[in-house]
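Written below as structure tokens is the structure these notes are about.
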Amino acid sequence: MINLNVWKANHKDNYTTGKPQATASRIWTQALPLPQLSFRAYLVLKRWMDILGALTLIVLTLPVMLLIAIAIKLDSPGPVIFRQERVGASVRGKGGKKNWEVTSFTIFKFRTMKHNVSSESHKQFMAALIKGDEDTLAQLNGGKLDEKNKYKMVNDDRITRVGKLLRKTSLD
96 MINLNVWKAN HKDNYTTGKP QATASRIWTQ ALPLPQLSFR AYLVLKRWMD ILGALTLIVL
156 TLPVMLLIAI AIKLDSPGPV IFRQERVGAS VRGKGGKKNW EVTSFTIFKF RTMKHNVSSE
216 SHKQFMAALI KGDEDTLAQL NGGKLDEKNK YKMVNDDRIT RVGKLLRKTS LD
């Protein structure tokens, strides 16, 4: 039989080295001591880090984007990139008073629909959705109307084969 004496140690006590315990933040600040930056210098540094990070991600995803572009071009005629104006909001104002301002911005996406086709079926679907006409919604959705596909057309013939895959994988 082994006799062991066990004492409850206070976490502030240092029984081994006499030095304070190492913590992740303490190691980080001692390993990489950074000079204090002014707020303006911080903003400039952050902007450059954002730009370098974005450029790195673009370079890393470029091969996948090229494959998607080639697949879209081979699947259907028309441009590869789709451009659309969207509406958003931004906060304007300094200090305590801030105002929401409606703004518009342009997005660029891979094209997932056939080029220059009528949007009449989509307009009918949206009108039925706004009216709450579930019979028309079900008819336009190929007889399917449940919570999963309540707000979008399931069998939209305007979507290309590659477009279906891009939408399913959120690569559009």
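Numbering-wise, my numbering puts 232 at position 137 of the sequence shown, and it's gapless, one number per residue. Cβ atoms here follow ideal geometry from the backbone N, Cα and C, with glycine treated the same way.
Note to self: Please classify Gly227 as buried or exposed, where buried requires at least 16 other C-beta atoms within 10 Å of its C-beta.
What the structure shows: Result: exposed.
Check: Span of the beta strand (DSSP E) holding Val186?
Finding: Secondary structure note for Val186: its beta strand (DSSP E) is the uninterrupted segment Ile176 to Arg187.
Next item on the list: Please say whether Phe203 and Ile176 have beta carbons closer to each other than 7 Å?
Entry: Taking 7 Å as the Cβ cut-off, Ile176 and Phe203 qualify as a contacting pair.
Note to self: Please identify the residue among Gln131, Tyr137, Gly173 and Trp143 whose C-alpha is closest to the C-alpha of Lys209.
What the structure shows: Per the Cα distances, Gly173.
Checklist line | Residue environment, Met248, which counts as buried when at least 16 other CB atoms sit within 10 Å | finding: Counting Cβ neighbours within 10 Å, Met248 comes out buried, since at least 16 surround it.
Item checked: Own chain partners of Phe200 with C-beta closer than 7 Å, once the 5 adjacent residues on each side are dropped -> Short of 7 Å from the beta carbon of Phe200, and not among the five residues preceding or following it, lie these beta carbons of its own chain, in chain order: Arg181 and Gly183.
Check: Do you know whose CA, among Arg178, Val186, Phe205 and Ser213, lies nearest Thr198's CA?
Finding: With respect to the C-alpha of Thr198, the residue from Arg178, Val186, Phe205 and Ser213 having the closest C-alpha is Val186.
Checklist line | Beta carbon proximity, Leu155 to chain D, threshold 7 Å | finding: Included in the structure is just one protein chain, with no chain D present.
Checklist line | Of the residues Asp170, Leu132, Leu152 and Leu224, the one placed nearest Val257, counting alpha carbons only | finding: Ranked by Cα distance from Val257, the first of Asp170, Leu132, Leu152 and Leu224 is Asp170.
Notebook entry, point to check: Regarding Val175 and the ligand ADP, is the C-beta to nearest heavy atom distance less than 6 Å?
Noted result: Although the ligand ADP was asked about, the structure shown includes no ligands whatsoever.
Item checked: Neighbourhood of Gly188 by C-beta distance below 7 Å, restricted to the same chain and skipping five residues each side -> If the five residues before and after Gly188 are omitted, its C-beta is found closer than 7 Å to the C-beta atoms of Asn194, all from its own chain and listed in chain order.
Item checked: Among Val212, Tyr246 and Phe205, nearest to Ala222 - alpha-carbon criterion -> The residue among Val212, Tyr246 and Phe205 with its C-alpha nearest the C-alpha of Ala222 is Tyr246.
Check: What is the residue span of the alpha helix (DSSP H) that Ile225 lies within?
Finding: Segment Glu215 to Lys226, the alpha helix (DSSP H) holding Ile225.
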